[in-house]
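Heads up, the thing below is written out as structure tokens.
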Amino acid sequence: MNITVIGTGYVGLVSGVVFSEMGNNVLCIDIDKEKVEAMSKGISPIYEPGLENMMKKNIELDRLRFSTDIQEGVQTSEVIFIAVGTPPKENGEADLRFVHQVAADIGKYINEYKLVVTKSTVPVGTGQYIKQIIKDNASKVMDFDIGSNPEFLREGSAIDDTLNMERAIIGVESSKASEILNELHKPFNTEIVETNIETAEMIKYAANAFLATKISFINEMANVCERVGADVTQVARGMGLDQRIGGAFLQAGLGYGGSCFPKDTSALIHISKKAGYDMKIVPSAEEVNYLQRINFINKITETFKNNLEGKKIGVLGLAFKPNTDDMRDAPSIEIIHALNEKGANVVAFDPVAGEQAKKVIKDLNLADSVDEVFEEAEAVVVITDWEEFKNLDIQRKGKLMNQKIIFDGRNMLDPQDMENHGFYYVSVGRPVVGGKKEY
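If you read the sequence shown in our numbering, its first letter stands for residue -6, the second for the next number, and so on.
Below is the structure:
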């Protein structure tokens, strides 16, 4: 099948590459010429395990190409996926200007039947909006269909999530569109849920809002656990064994970040308000998520009696989650900003996100190694749960520090082990170990 994917962010690039892996001829379109030139050489603009190898393989097999020519993309394909960004406006509403421009270009260049499918996360009703824009910009009446096929990939495991998708949501209006999208998804051997377009658009928002709420729920439980002497990790384990609940997304920590949950929850709240409904649960989940970072910052500042001036604070992890360099709404931004405001000397390390972090954190002091983070530090703060941080030689690391204090925002380390090695250890939703100390 000849496919065009317009937009090469996480969603567009991963989708295009995996569609080519399934044997389709894929042309990925982006307006950034330098980015297109790099991708044509098999260089990925994003860090995602396995992505570059799959890109290079399918470029060599001539199943995957990159271009800035949207006219070629429209006119040489049967299926066109719209995968451009839908960033939030100041009021939380999804900004559809890029979607609008792509739809107008499709209308301008459409030359025969096309199935135009929205891959981007868009408000309910966007499919019909796209249809009208294409009609308004077409020079003559053309036969085309619209569809919705939202993605559910996770950064850091996007290739595996796409190759082994749990389900494919297909929103269509015609039997022809249904046949094409069903055929396209057959190689994935997944359950296909076929709906109308509006339902498919809503499923994406509902799924992300539920997962965001689940994260905020366990973080609320963590805050209570800290006050009553309970251990939230065991609470989560006990809850998760209930099949009605499940253990996924029950890890207490610093809250959610990244490109999806923050903007999608805000957009859903705006959608509901526009529809005349005042949501209660999702706005509360947003508030809990915001406060989770504030609570963590307060733990640090209160330990040091609000006196961080000149103190070296090491930071482990900058990306919003491991196995990605994505800094969008990463907790590290707010936490480091707050520490800097208090006069701390922050030194941070992340295995891959350092350069991206420098773009969003002013005057970021990057370490070249984990040891450099610990050397002469008054405290170390764990923000991202990279695998390499889980098995630190904590006894040796402690000897590098001025004071053996760790604030673990991801509950990566074992409290008993930390106490045995003489650390003052503060985590999320678990009792503090090492005694009550103020510095």
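Glycine residues also receive a C-beta, built at the ideal position from the N, C-alpha and C atoms.
Fair warning: this is a prediction, and the values are worked out from it, not measured in the lab.
Handout entry: As assigned by DSSP and simplified to three states, the class of G66
Key = DSSP places G66 in helix when its eight states are reduced to three.
Handout entry: Three-pair Cβ contact test at 8 Å for the stretch 357 to 372 versus the stretch 390 to 404
Key = A contact exists between the stretch 357 to 372 and the stretch 390 to 404.
Handout entry: Between the CA atoms of S150 and N212 - distance to the nearest angstrom
Key = When the Cα atoms are used, N212 and S150 turn out to be separated by approximately 24 Å.
Exercise for the section: For I179, I'd like the list of residues in its chain whose CB is within less than 7 Å of its CB, leaving aside the five on either flank, ordered along the chain. Expected result: Residue identity check: residue 179 is Lys in the sequence provided, not Ile. By the criterion of a C-beta distance shorter than 7 Å, K179 is surrounded by no residue of its chain, once the five residues flanking it on both sides are discounted.
Handout entry: CA-to-CA distance, I52 to M272, given in whole angstroms
Key = Their backbone Cα atoms lie some 47 Å apart in a straight line.
Practice task
Note the first and the last residue of the continuous alpha helix (DSSP H) segment covering F210.
Solution key: Note, F210: alpha helix (DSSP H), I190 to V221.
Problem - V100 vs I126 beta-carbon contact at 8 Å - result: Sequence inspection shows Gly at residue 100; the Val mentioned does not correspond to that position. For G100 and I126, yes; Cβs fall inside 8 Å.
Practice task
Measure the alpha-carbon distance for D88 versus P408 and round it to whole angstroms.
Solution key: As the crow flies, the alpha-carbon of D88 is around 44 Å from that of P408.
Practice task
Provide the residue span of the beta strand (DSSP E) that contains S141, from first to last.
Solution key: Membership of S141 in the beta strand (DSSP E) is indicated by the continuous run F137 to S141.
Handout entry: Span of the alpha helix (DSSP H), counted from its first residue to its last, around V353
Key = Per DSSP, V353 belongs to the alpha helix (DSSP H) from G347 to V353.
Problem - Extent of the continuous alpha helix (DSSP H) to which L359 belongs - result: Per DSSP, L359 belongs to no alpha helix (DSSP H) and is neither H nor E.
Handout entry: Buried or exposed (CB count within 10 angstroms, at least 16 for buried), K493
Key = Residue numbering for the chain in the displayed model covers -6 to 432; residue 493 lies beyond these limits and cannot be assessed.
Exercise for the section: For the alpha helix (DSSP H) holding L406, just list the boundary residues, first then last. Expected result: Unbroken run through L406: none, as it is neither H nor E.
Problem - Close-in-space but distant-in-sequence residues of the same chain around Y40 (CB under 7 Å, 5 per side omitted) - result: T317, D318 and V345.
Problem - Of the residues S277, T226 and V7, the one placed nearest G402, counting alpha carbons only - result: The shortest CA-to-CA distance from G402 to any of S277, T226 and V7 is the one to T226.
Handout entry: For Y249 and N216, the rounded distance between their alpha carbons
Key = Roughly 16 Å between the two C-alpha positions.
Problem - Inter-residue CB distance, G66 and L108 (contact presumed, cutoff 8 Å) - result: Separation of the CB atoms of G66 and L108 is rounded to 14 Å, and the pair is thereby denied contact status at 8 Å.
Exercise for the section: Output the residue ranges of the alpha helix (DSSP H) runs that lie fully inside the stretch 297 to 326 and measure 4 residues or longer, sorted by chain position. Expected result: Within the stretch 297 to 326, no complete alpha helix (DSSP H) run reaches 4 residues.
Handout entry: Separation of K256 from Q349, as counted between CA atoms
Key = For Q349 and K256, the distance between alpha carbons rounds to 20 Å.
Handout entry: Straight-line gap, E176 to G120 (C-alpha atoms, nearest Å)
Key = Approximately 21 Å, taken between the alpha carbons.
Problem - Closest by C-alpha distance to G9, when choosing among L57, V228 and V117 - result: Measuring from the Cα of G9, the nearest candidate turns out to be L57.
Exercise for the section: Measure the CB-CB distance between I306 and A370 and report whether it falls below 8 Å. Expected result: Cβ distance < 8 Å, so I306 and A370 count as in contact.
Handout entry: Segment contact flag, the stretch 29 to 49 with the stretch 135 to 152, C-beta cutoff 8 Å, min 3 pairs
Key = Output reads yes: the stretch 135 to 152 touches the stretch 29 to 49.
Exercise for the section: Return the Cβ separation of I103 and A131 in integer angstroms, given the expectation that the two are a contact with Cβ distance under 8 Å. Expected result: About 6 Å; that satisfies the 8 Å criterion.
Practice task
Would you mind working out which of V374, Y270, I238 and G269 sits nearest I326, comparing C-alpha positions?
Solution key: The candidate whose alpha carbon is nearest that of I326 is V374.
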